[in-house]
Amino acid sequence: MKNKLHDHTELDRKLAEYDVDVPYIPRKKSRWSRLVHYLASPADNPVDFLAPVRPSFSLTSVIPVLAAASLPITAIFL
Amino acid sequence: MNHPEAVMEDWQQGNEEAFEQIYTAFHRPVYAFIYRYTRDEPFSVDIVQDTFLRLQTHKHQYVSSKGTLKSYLFQIAYRLMVNKLNRRKKWRSLLPFLVPSQESTLHPAEKLTVQQAVSGLPDLQRAVILLYYYHDLPQKEIADILHIPLGTVKSRRHQAIQTLKTHLEVEDL
Numbered sequence: 205m206k207n208k209l210h211d212h213t214e215l216d217r218k219l220a221e222y223d224v225d226v227p228y229i230p231r232k233k234s235r236w237s238r239l240v241h242y243l244a245s246p247a248d249n250p251v252d253f254l255a256p257v258r259p260s261f262s263l264t265s266v267i268p269v270l271a272a273a274s275l276p277i278t279a280i281f282l
Numbered sequence: 005m006n007h008p009e010a011v012m013e014d015w016q017q018g019n020e021e022a023f024e025q026i027y028t029a030f031h032r033p034v035y036a037f038i039y040r041y042t043r044d045e046p047f048s049v050d051i052v053q054d055t056f057l058r059l060q061t062h063k064h065q066y067v068s069s070k071g072t073l074k075s076y077l078f079q080i081a082y083r084l085m086v087n088k089l090n091r092r093k094k095w096r097s098l099l100p101f102l103v104p105s106q107e108s109t110l111h112p113a114e115k116l117t118v119q120q121a122v123s124g125l126p127d128l129q130r131a132v133i134l135l136y137y138y139h140d141l142p143q144k145e146i147a148d149i150l151h152i153p154l155g156t157v158k159s160r161r162h163q164a165i166q167t168l169k170t171h172l173e174v175e176d177l
């Protein structure tokens, strides 16, 4: 690196710590592998608003259990 | 590698092996620039591949009298990256969960690593400091790559240095 930040030797030293490992990069890549990369990248949870704020039973966990339990109970009365 | 511009000329005249030399010499620096800017490995790999694909399809548009091959490649890569990031931003506003999530921010009391400090710089300051410091590009070439005036490059470089010094707790000499 020739372009040192003049009179900033300490900063030069810190910036020099930032190394980058370059992975193997083929010259061409198929659309398929681009799609796989895209699908594998982390994304936000679309139903994040349903997640409980405090540790408790959330509606999403209770509703299926109640629904499953109510089916045999209903069957008894039929 | 011989003089890159001479190798490029060789390739323009039909020597396909010359492209291999260009790819070998420049794909790592282009990747390092994009990676340090975005800190996103698959994204950076895509940009490197798109950059060399663009170079292949427009190889006769390069004129050595207008600038070095290195700055020409960085210019292509930077434009592709900015376009793709802007597209991502649009998608994020339409369908927020489909776009890769951002890394969490640090608590202000935590000391930043150099990676975090560089990532935290505003876009233009980050591009200037990366091209200037890690890729040895003269400020005139940086201005050409980023399509900004030379004076803006100088001021952004100065601001970036001050910001980095503050965040990395580096003393003024």
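The listed protein sequences correspond, in order, to chains R and U. If you want the working numbering, it's the position in the first sequence, counting the first as 1, plus 204. If you want the working numbering, it's the position in the second sequence, counting the first as 1, plus 4. Note that beta-carbon positions come from the ideal geometry of N, C-alpha and C, so glycine has one too.
Closest in C-alpha terms to R:Asp223, from the list U:Asp148, U:Leu134 and U:Ala147, comes U:Leu134. Contact of R:Pro230 with chain U is assigned, a C-beta pair being separated by under 9 angstroms.
Chain order gives the chain R residues near U:Leu172 as Leu215 and Lys218, where near means a beta carbon separation below 8 angstroms.
Every unbroken stretch of the alpha helix (DSSP H) spanning 4 or more residues and falling wholly within the region 54–133 of chain U is given here in chain order: 73–98, 118–123 and 127–133. Beyond the five residues adjoining it in sequence on each side, U:Phe23 comes within less than 6 angstroms, by CB distance, of Trp15 in the same chain, given in chain order. U:Ile152 carries a coil assignment under DSSP once its states are collapsed to helix, strand and coil. The region 70–80 of chain U makes no contact with the region 156–170 of chain U, as fewer than three CB pairs between them are under 8 angstroms. Each of U:Ile51, U:Thr156 and U:Gln60 was checked against the Cα of U:Gly18, and the nearest Cα belongs to U:Gln60. In the same chain as U:Ala81, and ignoring 5 residues on each side of it, the C-beta atoms closer than 7 angstroms to its own belong to Val34, Phe37, Ile38, Ile51 and Thr55, in chain order.
Under the 9 angstroms criterion on CB atoms, U:Arg58 is classed as non-interfacial with respect to chain R.
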